[in-house]
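Peer 1:
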Amino acid sequence: MNVDPGRRLQAIARLTVSIRLAVSALVLAAILLTAALSSLLWWRTAEATSRQLASTINEQIVAAVRKEVSAIVDEARAAHTAIRTLFLQNVLDTREADKREFVFLSQLQSQATISWVAFGWPDGSFFAAHKLGDRRLEMMEISLTDHPGQRRVDEYDVVPGDIEFASRRFEPTEFRVADQAWFKAGLTADDPQWFRVMDHPTGERPSIAFAGPIDVYQERQGVLAVVIEYTRLARFLSQLEVGRTGTAFIVDDSGELVAAPDKEADELHPARGDITLLPLARAALEQAGEAGRKEAWRTRLTSRGAAYEVALTPLPFPGWSLATVIPEAEFLGPVETTLHRLILGLAVGAVLAALASAALARSVIAAPLSRVVGELRHVEAFALEQVRRHPSRLKEIASLSGAIAEMASGLSAFRKFIPADLVRGLLRQGVEARPGGSIQELSVMFIDIAGFTGLSERMGDRVVPLLSRYLDLTSEIIVANGGTIDKFIGDAVMAFWGAPQPQGDHALRCCRAALACRRAMDESGLVDDLGQPLQIRIGINSGRMLVGNIGSELRLNYTVIGDAVNVASRLEGANKSYGTRILIGEATERLARGAVLTREIESIAVYGREEGLSVHELVGILDDGVTEAGWIADYEHGLAHYRARRFAVALADFEAVLEQRAHDRPAALMRDRCRQFIAAAPDDAWRPIAALTSK
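Counting along the sequence shown from 1, when you hit position 190 you're at 188 in my numbering, and nothing is skipped either side.
Given below as C-alpha cells:
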C-alpha cells in the first residue's frame, strides 16, 4: 500500500518528543517510582539501617575500649619495667626511702590509669604509692620493726606540675603482704605476671596487678606490683556514648562484672554504675559459649517486648570481653518517621518538579550543555588556548563552564606548582598518589635568612622581590645538585637528597649545594634595607627518616619526617649561637668524610634531645682546592683538652685560633668557658655537652 510522504513526515513529527516533555516525564516517573519503591521497602531499609547504625556505634566503642585496655596493660608493664630497671641497674635501692617514694610517685603521676605502685619485702614489710582520685596521693608503709601492726600514711595534694605534702598519720592495719597471692607467687616466679586482686591496705577494691620479683646481684629483694583498680575502667566507660539508652560492660569469662559506666568512680568512690542491661550481656555471653571468648560475636535479644542488639568482643586482657547492649528502637523509630515524611515530600515534589522541568529544559539546559560539551572536547584535544567561559542562567552550568576554563588555565601553569621531574620520577618507580612511605637513609638541609623577621617588619611588602630572588638562587642550586625541594616556609627552604632517585653520595651532594648557596648569596649583591649583604644560615643532617607521600587522601605532600629531620632544623638555628653559617651533623660528616673539610665545633644537646650530638662546621670541599688550615687543628686540639678538663691548655689553643681569626665566635665562646672553669672548676657531674635551649 502506498503512503503519502507528507503524511509520513507528519506521523514522525507527532512521534518526536520535545526535551521539555521528555525531561518532565522522566522526572515525574522517577519520583513516582522512587516513592512507590520507598513505600514498599521502607521497613526493610529501616531495619537494615538500624542494624548498620548499631554496628557502626559498636565498632567505634570496641575500638575505643580495646585501645584503652591495651593502653592500661602497656602502661602497667612500662611502669613495672621502668622501676625494675632502676633496681636492677642499682640506680635505686629498695631500702632508699626518699628515692623510692620519688620514683613511685612519678610513675603514678605520669601514668593516668595506674592506681597503685607497691613493693613487698621477704620479711613482710610493705611500701606503696596510691592515688586518691585525681587530686590527692598517699604514700604508705607497713614495717614489722617500726610501728608493728600500724601503717604510716603520708598524704599529698596534687598541684599543677608538682605535689605538696598535706599530712601524716598512723593507723592500725591487719593487711599482711605475705598473705597476698601476687606476693607469694612473685617471690618464687622468674618473670612478672597478671593477678586479680581484691584486698588492699585500704580495704577491698577489685583490681588487676602486674607483679613480679626484683633481683639485684642474683639476690631476691622482694616483689614489685603495679595495680589498676576497676574504677578507672568504669570512669572510662562513662565517657562512651552508646546511643541514648544503651550501655557497655566489661565482663570476665565467667560473666562477672568488671566495669560498668560510672563517671564518679575512682580510688575514693566505688563504682555504682547502672547495670539494668547487664542480664542481657550475661545471657549473650552464655549463648555465645566458647566462640564469644575467642572472636567478635553478635546476637539479637528481647526483654520485656523490646529488642536489643548485643555484641561481644574479646579484649586485650586475658578473659575479658566487652559487651555492648543497644536498643533497636533508638534507630528504627526515627528512620521510620523520616521515611514516611520522605514519601510525602516526594509525592508533592513530583508535581512541582514536572512543571519546573518543562520550563527549564528547553532554554536553560540543552543549549548551555551543548556549549560546555564543546569546551570539554577542546580539553580532550589539549587545545587549552581555545577553551572559553560561557555564561548561563543556571548556576551549576555556569560554574561547570568556569571550572573547565580554570582547569585549562591550571593545567597550563601546573609545572610552576609541582616539580615535573619529581612527578615523573615517582611515576617511573610506580609510587601511587596515596599516603605511604618507607624508612631510608637520606640527607636533609634547611636554609634560612639571618634576621629575616626584623627585615620583613621593616620592609613590608617590599621584601617580596628580595625574597623571590633569594629563593630563585637557592632553588636553582639545589636542583642542579640533584636535590628535591620539599617546601618553602616563609624565608626557609627545606630540601633533601637520596629520594625519590637513590643517591649513594647524598651527603656530599647536600654539602656541595650548601657551599654553592653560600657562595651564590655572597656574589649576588643582595642587600637588606640597611645596605647590609643578606646572610644565610644552613643546617644539614643525615640519617634514617620516613620519606614518601605524607598527608591524607585529599591532600598529599612528598616529604621527609623523623628525628634526623628535626635535628637538621635545630642545627640551622644553632648557627646563630656560634656565629657560623653552615653546621652539619655527625652522620653527615661521617658519610662525606674525606671529601669535605670541616671543623668540629663541640657536642651539643639540641632542643628536644638530651644526648650529646657532635656538630661540625662545613668549611669547604677538598676537591675544590680547599686545604687543611692550622687554625682548625688548633681549635680541635683545644676541644680535646677542654673535654679532658685541661682548661688551661685548651685556653692557649683557643687563643691561638683567635690570633689567626680574630672574629672566630666558636673559639671566643670556648675561650670564655675555659676562663670560667679555670676560675671555678666544674663539679664531677659536668659533661662537655652544651645545651641549646631554643629551636
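Idealized CB from N, CA, C, for every residue including glycine.
1. CA-CA distance, Glu455 and Met668?
2. Could you pull out every residue in the same chain whose Cβ sits closer than 7 angstroms to the Cβ of Leu231, ignoring the five residues on either side in sequence?
3. Bridge partners of Gln438, per DSSP?
4. On the criterion of 16 or more Cβ atoms from any shown chain inside 10 Å, does Trp684 qualify as buried, or is it exposed?
5. Just to confirm the assignment, what range does the alpha helix (DSSP H) spanning Ala695 have?
6. In chain order, what residues of the same chain lie with their CB nearer than 6 angstroms to the CB of Trp719, ignoring the 5 residues before and after it?
7. Mark Arg568 as exposed unless 16 or more other C-beta atoms lie within 10 angstroms of its C-beta, in which case mark it buried.
8. When the Cα atoms are used, what is the spatial distance from Ala678 to Asp561?
9. Inspect the beta-carbon positions of Phe117 and Thr79 and report whether they are closer than 8 angstroms.
10. Report buried or exposed for Leu275, applying the criterion of at least 16 other Cβ atoms within 10 angstroms of its Cβ.
11. Contact defined as beta carbons within less than 8 angstroms: I believe Ile771 pairs with Leu464. What is the distance between those atoms, to the nearest angstrom?
12. By Cβ distance, which residues of its chain are closer than 6 angstroms to Ser236, with the 5 residues on each side in sequence left out?
13. Considering Pro389, what are the terminal residues of the beta strand (DSSP E) in which it resides?
14. Looking at the structure shown, is Leu690 part of a helix, part of a strand, or coil, going by DSSP?
15. With DSSP as the reference, please indicate the residues paired to Thr713 in a beta bridge.
16. Look up Phe412 in the DSSP assignment and say whether it is helix, strand or coil.
17. Assess, as a yes-or-no matter, whether the segment 290 to 297 is touched by the segment 153 to 164 under the definition of 3 or more beta carbon pairs within less than 8 angstroms.
18. Taking the alpha carbon of Pro312 as the point to measure from, which residue in Glu288, Leu130 and Leu616 has its own alpha carbon closest?
19. May I ask you to report which of helix, strand or coil DSSP gives Phe124?
20. Is Thr600 buried or exposed, if buried means 16 or more other CB atoms sit within 10 Å of its CB?
21. For Gly541, count the other beta carbons within 10 Å of its own beta carbon; 16 or more makes it buried, fewer makes it exposed. Which is it?
22. Which value, in whole angstroms, describes the spacing of the CA atoms of Ser390 and Asp527?
23. I'd like the list of long-range same chain contacts for Ala572, defined as Cβ closer than 6 angstroms, with 5 residues on each side in sequence excluded.
24. Where does Asn88 fall in DSSP's three states?
25. Could you spell out where the beta strand (DSSP E) holding Asp198 opens and where it closes?
26. What span of residues does the beta strand (DSSP E) with Ser778 cover, start to end?
27. What does DSSP give as the partner residue(s) for Asp555 in the beta ladder?
28. Which term fits Gly481, buried or exposed, when burial requires 16 or more other beta carbons within 10 angstroms of its beta carbon?
29. Strictly by DSSP, which residues pair up with Gln148?
30. For Trp180, which of helix, strand or coil comes out of DSSP?
31. Check whether the segment 437 to 457 touches the segment 395 to 405, counting contact only when three or more Cβ pairs, one atom from each stretch, lie closer than 8 angstroms.
32. With burial defined as no fewer than 16 other Cβ atoms inside 10 Å of the residue's Cβ, what is the status of Glu172: buried or exposed?
33. Exposed or buried, which one is Ile487 when buried takes at least 16 other CB atoms within 10 Å?
34. Going by CA-CA distance only, name the one from Pro277, Trp318 and Gln285 that's closest to Arg302.
35. Please classify Ser113 as buried or exposed, where buried requires at least 16 other C-beta atoms within 10 Å of its C-beta.
36. Ignoring anything shorter than 3 residues, give me the beta strand (DSSP E) runs that lie fully in the segment 254 to 283, in order along the chain.
Peer 2: Answer, in terms of the structure:
1. Cα to Cα, Glu455 sits roughly 34 angstroms from Met668.
2. Ile248, Val256 and Ala257
3. Met543
4. Exposed, because fewer than 16 other Cβ atoms sit within 10 Å of the Cβ of Trp684.
5. In this structure the chain extends from -1 to 693, so residue 695 is not present and cannot be described.
6. There is no way to answer for residue 719, as the model of the chain reaches only from -1 to 693.
7. buried
8. In a straight line, the C-alpha of Ala678 is about 36 angstroms away from that of Asp561.
9. no
10. buried
11. No statement about residue 771 is possible, as the shown extent of the chain runs from -1 to 693 and does not include it.
12. Pro259, Asp260 and Lys261
13. Careful: Pro389 lies outside any beta strand (DSSP E) and carries neither H nor E.
14. Looking at Leu690 - three-state DSSP - the assignment turns out to be coil, as it is neither helix nor strand.
15. This structure does not reach residue 713, given that the chain is present from -1 up to 693, and the question cannot be answered.
16. A caution first: Phe412 carries a pLDDT of 47, below 50, which makes its placement in the model too unreliable to give a value.
17. no
18. Glu288
19. strand
20. The sequence as given places Glu at residue 600; Thr does not occur at that position. Burial check for Glu600: the Cβ neighbour count within 10 Å reaches 16 or more, so the residue is buried.
21. buried
22. Computed Cα separation, rounded: 51 angstroms.
23. Leu581 and Leu690
24. In the structure shown, Asn88 adopts coil according to DSSP, grouped into three states.
25. The displayed chain sequence assigns His, not Asp, to residue 198. Counting along the chain, the beta strand (DSSP E) containing His198 begins and ends at Gln191 to His198.
26. Because the chain in this structure spans residues -1 to 693, residue 778 falls outside the shown range and cannot be described.
27. Note that residue 555 corresponds to Asn in the displayed sequence, not to Asp. DSSP output for Asn555 lists Ile548 as bridge partner(s).
28. buried
29. DSSP lists Pro170 as the beta-bridge partner residues of Gln148.
30. DSSP, reduced to helix, strand and coil, places Trp180 within a helical segment of the structure shown.
31. no
32. The Cβ neighbour count for Glu172, taken over all protein chains shown within 10 Å, is under 16; the residue is labelled exposed.
33. exposed
34. A check of alpha carbon separations from Arg302 across Pro277, Trp318 and Gln285 identifies Pro277 as the nearest.
35. With 16 or more Cβ atoms within 10 Å of its Cβ, Ser113 is classed as buried.
36. 255 to 257
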